[in-house]
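S.K.: One structure is given below, represented as structure tokens, and several questions about it will come after.
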Amino acid sequence: MTSISQIVDEAIDEGVYLFVKDDRLAFKAKEGRMSDALREKLGRYKTEIIAYLRDMNEGTEAWGGALPAIERLHDRIGVLASFAQQRLWLVDQIDGSSSEYNASVILRLQGRLDRQAMQRALDAVVERHEVLRTNFAAAGEVVIQVINESAAVPVSAMNLSSLDAERQQSELASLAQWEAKTPFDLSKDLMLRAVLIVLSDTEHALIVTQHHIASDGWSVGILIREFNVLYAAFVRNEVNPLAPLDIQYADYAQWQRSWLKGEVLDSLLGYWSTELSGAPPVHALPLAGARPARQSHAGAVYRQHVEERLTSALKLLCQRQNVTFFMLMQTAFALWMSRLSHESDVVIGTPIAGRSHQQLEALIGFFVNNLVLRSRFDRNMPFCDALAAQKQTILQAYAHQHIPFETLVGHLKPARRASYDPIFQIVFGLGLNNDVSASLSLSDLQVSTIQQESTLAKVDLELTVIEQADQLEICWTYRTDLFDEKLISEFARSYAQLLRQIVMNPHRGIFEYALLDGERHDQLLAAGQGALKPYVQEACIHTQFEAQVARTPAAIAVQYAGQALTYAQLNDKADRLARYLVDAGVTHEARVGIHLSRSLELMIAVLGVLKAGGAYVPLEPGLPKDRLSYMVQDAGIGWVVVASLALEGLPLQGVDVVMMDGAATEAQWLGAYAQGSLPRVEASDLAYVMY
Numbered sequence: 002m003t004s005i006s007q008i009v010d011e012a013i014d015e016g017v018y019l020f021v022k023d024d025r026l027a028f029k030a031k032e033g034r035m036s037d038a039l040r041e042k043l044g045r046y047k048t049e050i051i052a053y054l055r056d057m058n059e060g061t062e063a064w065g066g067a068l069p070a071i072e073r074l075h076d077r078i079g080v081l082a083s084f085a086q087q088r089l090w091l092v093d094q095i096d097g098s099s100s101e102y103n104a105s106v107i108l109r110l111q112g113r114l115d116r117q118a119m120q121r122a123l124d125a126v127v128e129r130h131e132v133l134r135t136n137f138a139a140a141g142e143v144v145i146q147v148i149n150e151s152a153a154v155p156v157s158a159m160n161l162s163s164l165d166a167e168r169q170q171s172e173l174a175s176l177a178q179w180e181a182k183t184p185f186d187l188s189k190d191l192m193l194r195a196v197l198i199v200l201s202d203t204e205h206a207l208i209v210t211q212h213h214i215a216s217d218g219w220s221v222g223i224l225i226r227e228f229n230v231l232y233a234a235f236v237r238n239e240v241n242p243l244a245p246l247d248i249q250y251a252d253y254a255q256w257q258r259s260w261l262k263g264e265v266l267d268s269l270l271g272y273w274s275t276e277l278s279g280a281p282p283v284h285a286l287p288l289a290g291a292r293p294a295r296q297s298h299a300g301a302v303y304r305q306h307v308e309e310r311l312t313s314a315l316k317l318l319c320q321r322q323n324v325t326f327f328m329l330m331q332t333a334f335a336l337w338m339s340r341l342s343h344e345s346d347v348v349i350g351t352p353i354a355g356r357s358h359q360q361l362e363a364l365i366g367f368f369v370n371n372l373v374l375r376s377r378f379d380r381n382m383p384f385c386d387a388l389a390a391q392k393q394t395i396l397q398a399y400a401h402q403h404i405p406f407e408t409l410v411g412h413l414k415p416a417r418r419a420s421y422d423p424i425f426q427i428v429f430g431l432g433l434n435n436d437v438s439a440s441l442s443l444s445d446l447q448v449s450t451i452q453q454e455s456t457l458a459k460v461d462l463e464l465t466v467i468e469q470a471d472q473l474e475i476c477w478t479y480r481t482d483l484f485d486e487k488l489i490s491e492f493a494r495s496y497a498q499l500l501r502q503i504v505m506n507p508h509r510g511i512f513e514y515a516l517l518d519g520e521r522h523d524q525l526l527a528a529g530q531g532a533l534k535p536y537v538q539e540a541c542i543h544t545q546f547e548a549q550v551a552r553t554p555a556a557i558a559v560q561y562a563g564q565a566l567t568y569a570q571l572n573d574k575a576d577r578l579a580r581y582l583v584d585a586g587v588t589h590e591a592r593v594g595i596h597l598s599r600s601l602e603l604m605i606a607v608l609g610v611l612k613a614g615g616a617y618v619p620l621e622p623g624l625p626k627d628r629l630s631y632m633v634q635d636a637g638i639g640w641v642v643v644a645s646l647a648l649e650g651l652p653l654q655g656v657d658v659v660m661m662d663g664a665a666t667e668a669q670w671l672g673a674y675a676q677g678s679l680p681r682v683e684a685s686d687l688a689y690v691m692y
């Protein structure tokens, strides 16, 4: 089953630019570049491709006009860095030279290797792309590009031919990790280097490393393809066959700086300010442990394979619903995230190529940008309706994609925390199959990529869906201080189960889908069928909780949005709140309102009220003021536990307020009530009043 997005990607790989002109499908390609297979697909799916291209281009004039052309600069001295480059330069200055933004690819070369041709090919790539020989320097308050003359690519060599195959693989993996972790000096190094590993007379491995400030994922593909062409030519003692580039990365950076200002910038910022207003600051997916105070980038990858039958069904559903494969998979992932986190509003990032002009498609450089996709789910909504709504969200996001993510963060000024990234911490994207063996034929050489497992996680969780022949590979890259392999494997299993149910019936309500398959459902039921124990009828909820505190004081009792409390911590805070409430006048079965959203504070409040002998009354945030006023009056509430952000509009006449956050918390109850006795509470006492 062929998807429309797959055909468009195939055209890009062949150097064919597709567009719609006068309601007809048109293309630009060098003579002889289009394969017969691609031509046949374009004819067969012409109508679907036109619809796809129109969808993806809808709203590209959101700022009031088409994108201006990128002109070649006459003066290449003192050109400002692009916005993305400036951010990476600042990170480098703050953190010191770091390997976090290194990108490596390993090529296995089987056959007779011409080292001189290999060196010439790498040198020609650097000569062709200025950005690879560009350094960066501060000039007052700005960062400028320093474009250097061409230079030879540093290629170190190591001979492992004396080792057996197992040792070779082990050493190669270690060398690749070492190379990936060796930093670049942005002030003087070439932004590309290589290591040649000799495995035998007829087998080598070439590790090519670039800095992200000069490259991105798309650029790696360009590097490999151009290396292919250049090596093949130089082996035959021919001249460089690649046509000169019309523009360079510096021209793009200057264009970006000149265009992205004034009304254009204001329009883009206005859209995103509205779109992201009130968005949750951090995801609420379950974690394997408490979120550390400072985030770590230590990561691991879990690989999941989706069977051919399900893959074909997903692509067929795309055609029936008139959506791209990305739209379907991203919507399903957002729904999965919503269900697991119990949040109707989720925010996910996605990487985009950022190559807005055809001229940029052949350039190596840092163009990739982060796009923010916000999903809002109504529990009564059928999936097909959710998909249609998300399609519009995605199209609008793409129409406003030209704002650099770092500029957006600077404008929105979200609360910055060392423990999590701003705006989004979860990423979803479609990946490329980086196996180049089918496309490279370097004279007497057979070339393939060597798969590397990532030990670096740039966000909490990144899901990458890769199309491989007739099935999908889904890579879950996760931070190991937040998730473990067992939890991620459960995530993968539930996501696949959701996909299966969606293709079976896309018109079902989104909360009607089960996230557990039959086997896992039975396993969990079996795990809970232990020996029955008598329930102690006279025991109160909070006293049973205290018994668990005594058994496992250091275990996690509750976690939410990256924060957690152990049993001992939760019990201590609830005790302090209870003592404060008793001191404030809460007596036997007194009604205490709790006006809190899902949070750690909500659990503290419920336990605290019970320990004080009162009865809690949930006052759901978001209810109309008149409804809340009625509930306060009808229940005879004398105290309300509340968060500072929810005070506005809350009817509090004649009611004592207990703040659960802000500076007053410490002085009001958290710090001042560490000691003291609590009243005796009976199991028959009133626990809560529910409306």
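Heads up: the sequence shown runs through residues 2 to 692, numbered per our numbering.
For every residue, glycine included, the Cβ atom is placed at its ideal position computed from N, Cα and C.
(1) With Pro352 and Gly430 assumed to form a contact (beta carbons below 8 Å), what rounded beta-carbon distance in angstroms separates them?
(2) Do you know whose CA, among Gln502, Gly79, Ser201, Phe185, lies nearest Leu110's CA?
(3) Suppose contacts are defined by Cβ-Cβ distances below 7 Å. Is Ala684 in contact with Glu539 by that definition?
(4) Taking the alpha helix (DSSP H) that Asp252 belongs to, which residues open and close that run?
(5) Mapping the DSSP letters down to three states, classify Tyr1 as helix, strand or coil.
(6) Return the chain-ordered ranges of every alpha helix (DSSP H) run that is complete within the segment 485 to 541 and spans a minimum of 4 residues.
(7) First and last residue of the alpha helix (DSSP H) that includes Ala215?
(8) Specify the secondary structure class of Gly263 as computed by DSSP and reduced to three states.
(9) Which residue comes first and which comes last in the alpha helix (DSSP H) that contains Ser157?
(10) Contact between the segment 395 to 405 and the segment 279 to 287 is defined here as three or more beta-carbon pairs at a separation below 8 Å; is this criterion met?
(11) Ser1 bridges to which residues according to DSSP?
(12) Taking 7 Å as the limit between beta carbons, can you name the residues of its chain near Ile489, skipping five residues before and five after?
(13) Between Phe185 and His213, is the Cβ-Cβ spacing less than 7 Å?
(14) I'd like the list of long-range same chain contacts for Pro554, defined as Cβ closer than 7 Å, with 5 residues on each side in sequence excluded.
(15) Taking 6 Å as the limit between beta carbons, can you name the residues of its chain near Gln249, skipping five residues before and five after?
(16) Using a Cβ-Cβ cutoff of less than 6 Å, which residues in the same chain neighbour Gly65 once the five nearest sequence positions on both sides are dropped?
(17) Would you report the Cα separation of Asp686 and Leu336, rounded to the nearest angstrom?
(18) Thinking C-alpha only, which one of Leu197, Phe334, Leu266, Trp670 is nearest Phe384?
(19) Thinking just about the alpha-carbon of each residue, which of Leu413, Ser175, Arg521, Val9 is nearest to the one in Asp267?
(20) With burial defined as no fewer than 16 other Cβ atoms inside 10 Å of the residue's Cβ, what is the status of Val240: buried or exposed?
(21) Ordered along the chain, which non-local residues of its own chain (more than five positions away) have a Cβ less than 6 Å from that of Ile148?
(22) Please confirm if the segment 254 to 268 is in contact with the segment 79 to 86, defined as three or more CB-CB distances below 8 Å between the two stretches.
(23) For Lys612 and Pro680, I'd like the C-alpha separation in whole angstroms.
(24) Distance check for Gly218 and Asp379, CA to CA, integer angstroms please.
(25) Just curious, the alpha helix (DSSP H) that Arg577 is in, first and last residue?
(26) Taking Cβ to Cβ, would you say Tyr674 is nearer than 7 Å to Arg577?
(27) The beta strand (DSSP E) spanning Arg194 covers which residue range?
(28) Taking one C-beta from the segment 580 to 599 and one from the segment 607 to 622 each time, how about it: are there three or more such pairs within less than 8 Å?
(29) Need the endpoints of the alpha helix (DSSP H) that Leu311 sits in, please.
(30) Starting from Met338, follow the alpha helix (DSSP H) in both directions and report where the run begins and ends.
(31) Looking at the strands, I want to know which residues DSSP matches up with Thr275.
(32) For the putative contact between Val610 and Ile638, defined by C-beta atoms under 8 Å, what is the C-beta separation to the nearest angstrom?
(33) Ala291 and Ala118: beta carbons closer than 7 Å?
(34) What does the alpha-carbon distance come out to for the pair Gln693 and Glu520?
(35) Less than 7 Å between the beta carbons of Glu264 and Val126, yes or no?
(36) Is Lys47 close to the ligand SAM? I mean its beta-carbon at under 6 Å from any heavy atom of the ligand.
M.R.: Put simply:
(1) Locating residue 352 in the sequence shown gives position 351, where the first residue counts as 1. Locating residue 430 in the sequence shown gives position 429, where the first residue counts as 1. Rounded, the Cβ-Cβ distance is 5 Å, consistent with contact.
(2) As a position in the sequence shown, residue 110 is number 109, starting the count at 1. Checking every option, the nearest Cα to that of Leu110 belongs to Ser201.
(3) Position 683 of the sequence shown, counting from 1, holds the residue named residue 684. Position 538 of the sequence shown, counting from 1, holds the residue named residue 539. In this structure, Glu539 lies closer than 7 Å to Ala684 by Cβ.
(4) Here residue 252 refers to the residue found at position 251 of the sequence shown. From DSSP, the alpha helix (DSSP H) with Asp252 extends over 250 to 260.
(5) Because the chain spans 2 through 692 in this model, residue 1 falls outside it and cannot be assessed.
(6) 486 to 505, 519 to 528
(7) For the purposes of this step, residue 215 is identified with residue 214 of the sequence shown, where counting begins at 1. No alpha helix (DSSP H) contains Ala215, which DSSP labels as neither H nor E.
(8) In the sequence shown, counting from the first residue as 1, residue 263 sits at position 262. Gly263: helix per DSSP, three-state reduction.
(9) Your numbering for residue 157 matches position 156 in the sequence shown. First-last for Ser157: 156 to 160, but that is the beta strand (DSSP E), not the alpha helix (DSSP H).
(10) no
(11) Since the first residue shown for the chain is 2 and the last is 692, residue 1 is missing from the structure and cannot be characterised.
(12) For the purposes of this step, residue 489 is identified with residue 488 of the sequence shown, where counting begins at 1. So the qualifying residues of the chain are Tyr303, Trp477, Tyr479.
(13) As a working note, residue 185 is residue 184 in the sequence shown. As a working note, residue 213 is residue 212 in the sequence shown. No, these two residues do not count as a Cβ contact at 7 Å.
(14) For the purposes of this step, residue 554 is identified with residue 553 of the sequence shown, where counting begins at 1. Answer for Pro554: Thr567, Tyr568, Ala569, listed in chain order.
(15) Sequence index remark: in the sequence shown, residue 249 carries index 248 (1-based). Glu131, listed in sequence order.
(16) Translated into positions along the sequence shown, residue 65 becomes position 64. Residue placement at Gly65 cannot be trusted, given a pLDDT of 40 that sits under 50; the coordinates are not used to answer.
(17) On the sequence shown, position 685 is the one that residue 686 refers to. On the sequence shown, position 335 is the one that residue 336 refers to. Going from the Cα of Asp686 to the Cα of Leu336 covers about 41 Å.
(18) One-based indexing of the sequence shown puts residue 384 at position 383. It is Phe334.
(19) To locate residue 267, count along the sequence shown from 1; it is residue 266. The shortest C-alpha separation from Asp267 is found at Leu413.
(20) Here residue 240 refers to the residue found at position 239 of the sequence shown. Exposed.
(21) Translated into the one-based positions of the sequence shown, residue 148 becomes position 147. Closer than 6 Å at Cβ, skipping near neighbours: Arg77, Glu131, Thr135.
(22) yes
(23) Position 611 of the sequence shown, counted from the first residue, corresponds to residue 612. Position 679 of the sequence shown, counted from the first residue, corresponds to residue 680. Using only the alpha carbons, I get a separation of about 8 Å.
(24) Position 378 of the sequence shown, counting from 1, holds the residue named residue 379. Position 217 of the sequence shown, counting from 1, holds the residue named residue 218. The straight-line gap from Cα to Cα measures roughly 36 Å.
(25) Numbered from its first residue, the sequence shown carries residue 577 at position 576. That run of the alpha helix (DSSP H) goes 568 to 584.
(26) Taking the sequence shown and counting its residues from 1, one reaches residue 674 at position 673. Taking the sequence shown and counting its residues from 1, one reaches residue 577 at position 576. Their beta carbons are under 7 Å apart, which means Tyr674 touches Arg577 by this criterion.
(27) Here residue 194 refers to the residue found at position 193 of the sequence shown. Arg194 -> beta strand (DSSP E) spans 193 to 201.
(28) yes
(29) Your numbering for residue 311 matches position 310 in the sequence shown. Counting along the chain, the alpha helix (DSSP H) containing Leu311 begins and ends at 309 to 322.
(30) Taking the sequence shown and counting its residues from 1, the one referred to as residue 338 is at position 337. 326 to 342 is the extent of the alpha helix (DSSP H) around Met338.
(31) Along the sequence shown, one-based indexing puts residue 275 at 274. Thr275 pairs with nothing; no bridge assigned.
(32) What you label residue 610 is simply residue 609 of the sequence shown in a count that begins at 1. What you label residue 638 is simply residue 637 of the sequence shown in a count that begins at 1. With a Cβ gap of about 11 Å, Val610 and Ile638 do not count as contacting.
(33) Here residue 291 refers to the residue found at position 290 of the sequence shown. Here residue 118 refers to the residue found at position 117 of the sequence shown. Not a contact, by the Cβ cut-off of 7 Å.
(34) Within the shown structure, residues of the chain are numbered from 2 to 692, placing residue 693 beyond reach of any answer.
(35) Mapped onto the sequence shown, residue 264 falls at position 263. Mapped onto the sequence shown, residue 126 falls at position 125. Their beta carbons are not under 7 Å apart, which means Glu264 does not touch Val126 by this criterion.
(36) Summarising the ligand content, the structure contains no ligands, and the ligand SAM is consequently not present.
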